[in-house]
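Under the numbering used here, the first residue of the sequence shown is numbered 132, with each subsequent residue one higher.
Don't be surprised by glycine CBs; every beta carbon is placed ideally from N, CA and C.
Just so we're clear, the structure is a prediction, and the values are computed from it rather than from any experiment.
First the structure, in the form of structure tokens, and then the observations on it.
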Amino acid sequence: MRPRPRPPVNGRGIFSGTGLIVTALAATVVALLVPLWSYADRQDDPASASVLSARTVTTPYGPLSAQDRDFVTKVRLAGLWELPAGELAQRKGTTPAVRTAGRHLVDGHTSLDAHVRTVATQLGIALPNEPNEQQKQWLATLDTAEGQDFDRQFAGLLRLAHGRVFSLVAQIRAGTQNSLVRDLADDANATVLDHIKVLEATGYVDFAALARDLAAAASPVPTPSEVDPSAAVPVEPSPTDPSAAVPSAADPSAADPSAGQASLDQAAQGQASQPQASPGETVSLPPATSSPPPDTNSP
132 MRPRPRPPVN GRGIFSGTGL IVTALAATVV ALLVPLWSYA DRQDDPASAS VLSARTVTTP
192 YGPLSAQDRD FVTKVRLAGL WELPAGELAQ RKGTTPAVRT AGRHLVDGHT SLDAHVRTVA
252 TQLGIALPNE PNEQQKQWLA TLDTAEGQDF DRQFAGLLRL AHGRVFSLVA QIRAGTQNSL
312 VRDLADDANA TVLDHIKVLE ATGYVDFAAL ARDLAAAASP VPTPSEVDPS AAVPVEPSPT
372 DPSAAVPSAA DPSAADPSAG QASLDQAAQG QASQPQASPG ETVSLPPATS SPPPDTNSP
């Protein structure tokens, strides 16, 4: 009589409870070891390490990225041409609204420049001491414009520049890990928004042209040579009284409301055909030796 075959015992082998636990543990160990091995392998790559080091550095105020450093430089550049542009508006503007916008630019960038120089000193970021080439062209355009042509050029160029930097400020404020850069972005945001409002209040902003210019890809403009932050010349108002040269309402140069629109479009594109001006002709800055030490108590 043949023995009856034994029925299979449930739960044996890899599909048993113990087998499933062992398999899961083994998979977990492999999942943990593979990323560690991969990271260690990447750390041995000098090129990868240098790229990481070049992009972000450690500071007492949090990580400082390349975007953070670029933002600090651009805040400084904005003041180097927008404050002189504001002084021109105080002297040459034909309406109270234009002259008021000029005063806001002077006051805002005097304060913001002091803040950015303090931040640059604390973070060891070199700063430019003169506007870039496109900004010099814009200042040259404003320097040669007169009457209502000046009003249009001033409102159009400055509103375009502030619109471009406004989105950058928001991007940096949203993503920076550095507390000093975050505070600077807060300050810059309030300043830029105030300037946008007073420029639009002049009534000379062409919003259709502005939308086209902002949508167009801006070509990169080289940054002027940079200096140690302790040697950065303060951006301050000129010692002369800008109200002394306010034009009268009878100025004949303000009679043509349509003049200058073509040159505004040309200047906004930063074309080389604009007349050039040296920094001494358009930018009123005190000598470098008058630069006060940065205020370490500033936020």
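What first and last residue would you give for the alpha helix (DSSP H) that runs through residue i?
i: Glu213; result: 197-223
i: Ala347; result: From DSSP, Ala347 is part of no alpha helix (DSSP H); its letter is neither H nor E.
Check the DSSP bridge columns for residue i and list the partner residues they point to.
i: Thr187; result: Ser196
Find the nearest neighbour of residue i within the set the options, judged by alpha-carbon distance.
i: His326; options: Gln265, Ser196, Arg234; result: Arg234
i: Ala292; options: Thr189, Ala346, Ala305, Pro368; result: Ala346
i: Gln253; options: Ala340, Arg295, Thr190; result: Thr190
i: Ala197; options: Gln265, Leu270, Asn309, Asp317; result: Asn309
i: Arg295; options: Ala319, Val237, Gly306; result: Ala319
i: Asp244; options: Thr204, Arg304, Phe338, Phe285; result: Thr204
i: Pro368; options: Gly193, Leu214, Ile152, Ala157; result: Leu214
i: Leu258; options: Gly306, Asp274, Leu324, Ala209; result: Ala209
i: Pro227; options: Ala339, Pro262, Asp199, Asp282; result: Asp282
i: Tyr192; options: Thr241, Ala232, Gly255; result: Gly255
i: Gln302; options: Ala157, Phe202, Thr275, Asp280; result: Phe202
i: His240; options: Arg200, Glu218, Arg313; result: Glu218
i: Lys328; options: Ile152, Asp344, Ala286; result: Ala286
i: Arg222; options: Gln268, Thr275, Arg248; result: Thr275
So residue i packs on residue j, CB below 8 Å; how close in whole Å?
i: Val206; j: Ala220; result: Between Ala220 and Val206 the Cβ distance is about 20 Å, and since that is not below 8 Å, they are no contact.
i: Leu311; j: Val250; result: 5 Å
i: Ala216; j: Leu195; result: Not confirmed; about 30 Å, so no contact.
i: Gly278; j: Thr225; result: 6 Å
i: His246; j: Leu315; result: 6 Å
i: Val336; j: Leu330; result: 6 Å
i: Leu273; j: Gln266; result: Their Cβ separation, rounded to whole angstroms, is 11 Å, which puts Leu273 and Gln266 out of contact at 8 Å.
i: Leu211; j: Glu264; result: Going by Cβ atoms, the distance from Leu211 to Glu264 rounds to 12 Å, so no, they are not a contact pair.
Does the distance between the C-beta of residue i and the nearest non-hydrogen atom of the ligand GTP fall short of 7 Å?
i: Pro262; result: The model on display carries no ligand, and the ligand GTP is accordingly not part of it.
Uninterrupted alpha helix (DSSP H) stretches inside the stretch 267-333 (no shorter than 4 residues): You should have 278-306, 310-331.
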